[in-house]
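The next block holds one structure in the form of structure tokens; read it before the comments.
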Amino acid sequence: MKKQILNTLLVSALSMAVCSHSWADSSATDQLSNKDKAIALLNSIETGDREAVGYVNPIKYIQHNLSVADGLAGFGELMKALPKGSAKVEVIRALEDGNFVVTQTDYNFSGPKVGFDVFRFENGLIVEHWDNLTIKSDTPNPSGHTQLDGAREIMDQDKTCANKAIVERFIDTVLVKGKFEQIGEFFDGDNYLQHNTQVADGLSGLNNAIEFMKSQGIKMEYLVNHRVMGEGNFVLAISEGKLAGESTSFYDLFRIENGKIAEHWDVVESILPKGLWKNENGKFGNLQNFGNGC
100 MKKQILNTLL VSALSMAVCS HSWADSSATD QLSNKDKAIA LLNSIETGDR EAVGYVNPIK
160 YIQHNLSVAD GLAGFGELMK ALPKGSAKVE VIRALEDGNF VVTQTDYNFS GPKVGFDVFR
220 FENGLIVEHW DNLTIKSDTP NPSGHTQLDG AREIMDQDKT CANKAIVERF IDTVLVKGKF
280 EQIGEFFDGD NYLQHNTQVA DGLSGLNNAI EFMKSQGIKM EYLVNHRVMG EGNFVLAISE
340 GKLAGESTSF YDLFRIENGK IAEHWDVVES ILPKGLWKNE NGKFGNLQNF GNGC
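If you count by the working numbering, then the sequence shown holds residues 100 to 393, one letter each, in order.
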């Protein structure tokens, strides 16, 4: 429930800008890339920039944050819980894949948080939004990494489709089908940087974490991968499953190097029970309805 409240606070910050916005000039909007627009919209949570809200389609806006009512009207229904000027936003990584933009962001709303946001664009305007949010850890993981540090440079643009295919095969083969005997095919030995708060570097660190969960009776299940999106050497996978029996959304960001998984960041979030949903679009709705661009 705490995570759902945090999500609500995030969207309520956007609502404060929506309520007083006059829509941006379309000619100015067209000069920016979709990635620029998504970043500007997120930054407006902190800055209050009204123009950035003009990058959202006022007629069609499909919301998949289950704590928020559909459309821009959903923003206005939320209480403005944040004191003016209290929000902090820093977009750490941003990927553009066709009509989709993925962002990984360092948030501070009543405490530090880390989130992934996915925006879908039509005709230069945002028409759909998905996200995953978690509390930011105040200590590094066993290998000294945080949830957000590590490589940022986008490289190998010509390998985007190949890298997306690698991640898709890894999720399906190892995490969904459970063929852990094949896990070594996706890594360069033990060369693997890990940003999960509980897991150490290396394939050995991942295997140790899996064995520890088993010993504690904690079962992690990936049931279906809904979509992979990427740009160059970075690929985000959005998957649905269960953690300790609870319906869960897994957002996994991978960096691929020479055809192998080299680095990993993630946000894991419990899915709100359906009786508490404020829209009927579903946490993963529509993600499989668009081609993957490859």
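Glycine included, C-beta positions come from ideal geometry on N, C-alpha and C.
Alpha-carbon to alpha-carbon, residue j and residue i
i, j, result
"Glu-150", "Ala-343", "43 Å"
"Gly-340", "Ile-270", "12 Å"
"Asp-248", "Thr-204", "11 Å"
"Val-266", "Ile-360", "8 Å"
"Asn-307", "Ala-336", "22 Å"
"Asn-262", "Asn-388", "21 Å"
"Asn-380", "Val-213", "23 Å"
"Leu-386", "Phe-218", "11 Å"
"Ala-193", "Lys-382", "21 Å"
"Phe-199", "Gln-256", "16 Å"
"Lys-148", "Glu-345", "Note that residue 148 is Asp in the sequence shown, not Lys. Rounded to the nearest angstrom, the two C-alpha atoms are 38 Å apart."
"Lys-136", "Ile-253", "18 Å"
"Gly-283", "Gly-390", "29 Å"
Buried or exposed by the 16-neighbour rule on C-beta atoms within 10 Å, applied to residue i
i, result
"Val-334", "buried"
"Arg-326", "buried"
"Asp-230", "buried"
"Leu-371", "buried"
"Phe-172", "Before going on, a small fix: residue 172 reads as Ala here, not Phe. The residue in question, Ala-172, is exposed, as its Cβ has fewer than 16 Cβ neighbours within 10 Å."
"Ile-158", "exposed"
"Glu-227", "buried"
"Val-323", "exposed"
"Phe-285", "buried"
"Ile-317", "exposed"
"Gly-184", "exposed"
"Leu-141", "buried"
"Leu-177", "With a pLDDT of 40 at Leu-177, under the threshold of 50, the modelled position of that residue is not reliable, and the figure given next carries that caveat. Label assigned to Leu-177: buried."
"Gln-130", "exposed"
"Gln-246", "buried"
The beta strand (DSSP E) enclosing residue i, as first and last residue numbers
i, result
"Glu-145", "Per DSSP, Glu-145 belongs to no beta strand (DSSP E); it is in the alpha helix (DSSP H), 133-146."
"Ile-337", "333-342"
"Leu-375", "Taken as a continuous stretch (DSSP letters only), Leu-375 belongs to no beta strand (DSSP E), as it is neither H nor E."
"Ile-317", "From DSSP, Ile-317 is part of no beta strand (DSSP E); its letter is neither H nor E."
Span of the alpha helix (DSSP H), counted from its first residue to its last, around residue i
i, result
"Asn-231", "First-last for Asn-231: 224-234, but that is the beta strand (DSSP E), not the alpha helix (DSSP H)."
"Arg-268", "259-269"
"Met-312", "301-314"
Test item: CB-CB of residue i and residue j under 8 Å
i, j, result
"Asp-169", "Asn-378", "yes"
"Glu-330", "Glu-195", "yes"
"Leu-224", "Tyr-154", "yes"
"Glu-362", "Phe-353", "yes"
"Val-366", "Leu-232", "yes"
"Val-201", "Phe-215", "yes"
"His-244", "Gly-384", "no"
"Ser-143", "Val-152", "yes"
"Asn-240", "Thr-296", "yes"
"Thr-347", "Ser-314", "no"
"Ser-242", "Gly-304", "yes"
"Gly-197", "Gly-374", "no"
"Ile-191", "Gly-210", "no"
Which residues DSSP lists as bridging residue i, in chain order
i, result
"Ser-369", "Thr-347"
"Pro-211", "Asn-207"
"Asn-324", "Ser-338"
"Ile-161", "Glu-227"
"Asp-196", "Phe-199"
"His-363", "Gln-293 and Phe-353"
"Lys-187", "Asn-207"
"Gly-329", "Val-334"
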